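Trainee:
Residue numbers (the working numbering): 364 to 953.
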């Protein structure tokens, strides 16, 4: 059989690309779609009819599950089995329709995929041609097709090829590619029939998975907004509030960092809060006012880029480490409070339109919460000042006047007394009253001043982290304090302890599947070397720490403790027979 493009059998099945329902219509019923797609099988050859059960089983397999990426993996595997192909791939077309945003493969070992390196972007060669002209393509030898651009180094040889477009609600989602039919033969008409029917069902499954993913994403971002609002409105200083915004943004956007910038006094924007592996290296960096990005952000306009390392608008030296990036203004009520930046690592997946929309909404909610928190703190300060004014007035109008009157009475009594000892004693009492009146006047003066805000105590910050964690957990962790934690724990140790608590509670929420968590903060312990220290214990009854898996969170906790001269470890938890995990983090008091 010679190489053929867009070749169809003499009695083809209905083309999935024709008559596809409009995007505004309801998602078609899978059973109805299967019936419509297979009704023309009647009267066809015995071979094709015999493969109908295999096709129906493949359609059932594709429609199982709702997670999008696993659905794409399942489609590739099912298509390869259905057409007896050695390799299969599914290229997801990007939102602009000019290339591929994702490329899922089947049949390539992890070692081969690693040696090949970068996956195709779909902007050239046969894959690019199928994006610009989405139609069924069948080739006996794809290397001889003029549209072929060849294979990268280490790519396995491929000759026979079958490409079928996948549509989701009338729009091209991507293309399904099959190569190297077993036995060295070409893909036949029956393979084309089967794969095109499977592509129809795949479009329905992908549509459902997209809806589920969108709903799940929205739920996560809403939960994150609630956590940020709860943290900001629970009181505390501004630095802690901005750190919460950065931490939540990083987690929700699945980015390499979460960064909050505020307008700098000398112009431009200053990095004031960072959630990242090496946060300390970025804090305090000022992005100059001449930066085009700063100009957009201060005007309340978001900035998106697919590669921060090569974007000429990015002038910060740290941008060379990042790829896709969202820069969102924190503005509310016509006022720009700052900006929120969520960059991914170089080569990372670009942010989708839905992610950009959700992140923009999150930034608006965070800005509103910041304004509400600022207004709440202003009201609290005003209430304190008003109360101080009242106390000052009472001291001046009532207490001092009474003390003065008492002094006058004592002076009169002193003059009338004939006993020298009594006159001396009354005189001393009058002198003491004069000193007391002067001290009260000094206190009145101090009350009428605007004292600088004192930072929140460690106990308050711990309670705030526990209250914030209660939102995603669905329950409030128990807590216990031992010793005067607000007075003996140094500021540097306190900040690192709060970060360790936040990491431990985040791990318990994301991985432990716990129903009970206990937090104990003890500042009466002695470290192994005899120094007085503070110990944080976070225990849960969850699934425990698996033998294999990422340990980046635990490494971060250990590094924080060791940088202060302390330690971090974990052991059995609160569950039956020690089930779950107990994290222990220790550091010297100062």
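Backbone N, C-alpha and C define an ideal beta-carbon position, used for all residues, glycine too.
Since we're looking at a predicted model, the values are computed, not measured.
Could you tell me whether the segment 629-641 touches the segment 606-617, where touching means 3 or more Cβ pairs closer than 8 Å?
Mentor: yes
Trainee: Alpha carbons only, please: which of 672, 682, 689 and 685 is nearest the one belonging to residue 659?
Mentor: 689
Trainee: Identify the continuous alpha helix (DSSP H) that holds residue 861 and give its terminal residues.
Mentor: 854-870
Trainee: Would you mind sorting residue 764 into buried or exposed? The rule is 16 or more other CB atoms within 10 Å of its CB.
Mentor: exposed
Trainee: Label residue 753 either buried or exposed according to how many other C-beta atoms from any shown protein chain fall within 10 Å of its C-beta, with 16 as the threshold for buried.
Mentor: exposed
Trainee: Any heavy atom of the ligand FMN inside 7 Å of the beta-carbon of residue 929?
Mentor: Because no ligand of any kind appears in the structure shown, any question about the ligand FMN cannot be addressed here.
Trainee: Do residue 882 and residue 840 have their beta-carbon atoms positioned less than 8 Å apart in this structure?
Mentor: yes
Trainee: Is it buried or exposed for residue 397, if we count other Cβ within 10 angstroms and need 16 for buried?
Mentor: Its pLDDT being 49, under 50, residue 397 is placed unreliably by the model, and the measurement read from it follows with that caveat. By the 10 Å Cβ count, residue 397 comes out buried.
Trainee: My parser needs the beta strand (DSSP E) runs of 3 or more residues fully inside the segment 626-663; what are they?
Mentor: 632-638
Trainee: Cβ atoms of residue 796 and residue 823: under 8 Å apart, would you say?
Mentor: Contact flag unset, no.
Trainee: Classify residue 468 as helix, strand or coil using the three-state DSSP reduction.
Mentor: It is a strand residue.
Trainee: Are the segment 691-702 and the segment 556-574 touching, with three or more C-beta to C-beta distances below 8 Å?
Mentor: They do not touch, by the three-pair rule.
Trainee: So, with DSSP's three-state summary, where would you put residue 433?
Mentor: helix
Trainee: Only counting the same chain, and skipping five residues up and downstream in sequence, which positions put a Cβ closer than 8 Å to that of residue 766?
Mentor: 796, 799, 800 and 803
Trainee: Assuming residue 880 is part of the alpha helix (DSSP H), what are its boundary residues?
Mentor: Unbroken run through residue 880 is the beta strand (DSSP E), 880-889; no alpha helix (DSSP H).
Trainee: Apply the 10 Å Cβ neighbour rule to residue 569 and answer buried if 16 or more other Cβ atoms are within range, or exposed otherwise.
Mentor: buried
Trainee: Between residue 624 and the rest of its own chain, which residues show a CB-CB distance below 6 Å, the 5 nearest in sequence each way excluded?
Mentor: 632, 634, 701 and 702
Trainee: If I'm right that residue 821 touches residue 857 with Cβ under 8 Å, what's the distance once you round it to whole angstroms?
Mentor: Indeed, because the Cβ distance is near 5 Å, the residues count as touching under 8 Å.
Trainee: Quick check on DSSP: helix, strand or coil for residue 404?
Mentor: No answer about residue 404 holds up, because its pLDDT of 47 lies below 50 and its placement is not dependable.
Trainee: What whole-angstrom Cβ distance do residue 463 and residue 485 have, given they're in contact under 8 Å?
Mentor: 3 Å
Trainee: What three-state label does DSSP hand residue 923 in the structure shown?
Mentor: helix
Trainee: Considering only residues of the same chain and omitting the five flanking positions on each side of residue 551, which have a CB-CB separation below 6 Å?
Mentor: none
Trainee: Thinking C-alpha only, which one of 589, 879 and 884 is nearest residue 731?
Mentor: 589
Trainee: Check each candidate in 903, 892, 584 and 540 and name the one with the smallest Cα separation from residue 930.
Mentor: 892
Trainee: So, with DSSP's three-state summary, where would you put residue 536?
Mentor: strand
Trainee: Considering only residues of the same chain and omitting the five flanking positions on each side of residue 955, which have a CB-CB separation below 8 Å?
Mentor: With the chain represented from 364 up to 953, any question about residue 955 goes unanswered, as that position is not in the structure.
Trainee: Assuming residue 450 contacts residue 564 under a Cβ cut-off of 8 Å, what Cβ separation, rounded to an integer in Å, is found between them?
Mentor: That pair is no contact at about 21 Å.
Trainee: Which residues does DSSP list as the beta-bridge partners of residue 898?
Mentor: 885 and 949
Trainee: In angstroms with no decimal places, state the Cα-to-Cα distance between residue 477 and residue 710.
Mentor: Residue 477 and residue 710 have their C-alpha atoms some 15 Å from each other.
Trainee: Would you please state the rounded distance, in angstroms, between the beta carbons of residue 467 and residue 447? I believe it to be under 8 Å.
Mentor: Not confirmed; about 20 Å, so no contact.
Trainee: Compute the distance between the beta-carbons of residue 432 and residue 475, then report whether it is under 8 Å.
Mentor: no
Trainee: Ignore the nearest five residues each way along the sequence and tell me which others in residue 728's own chain have a CB closer than 8 Å to its CB.
Mentor: 588, 591 and 592
Trainee: With distances taken from CA atoms, which of 497, 844, 902 and 742 is nearest residue 884?
Mentor: 844
Trainee: Is the separation between the beta-carbon of residue 907 and that of residue 936 shorter than 8 Å?
Mentor: yes
Trainee: Can you name the start and end residues of the beta strand (DSSP E) that residue 930 belongs to?
Mentor: 930-935
Trainee: Assuming residue 826 and residue 725 form a contact by the criterion Cβ under 8 Å, report the distance between their Cβ atoms to the nearest whole angstrom.
Mentor: No, residue 826 and residue 725 are not in contact; Cβ-Cβ is about 24 Å, not under 8 Å.
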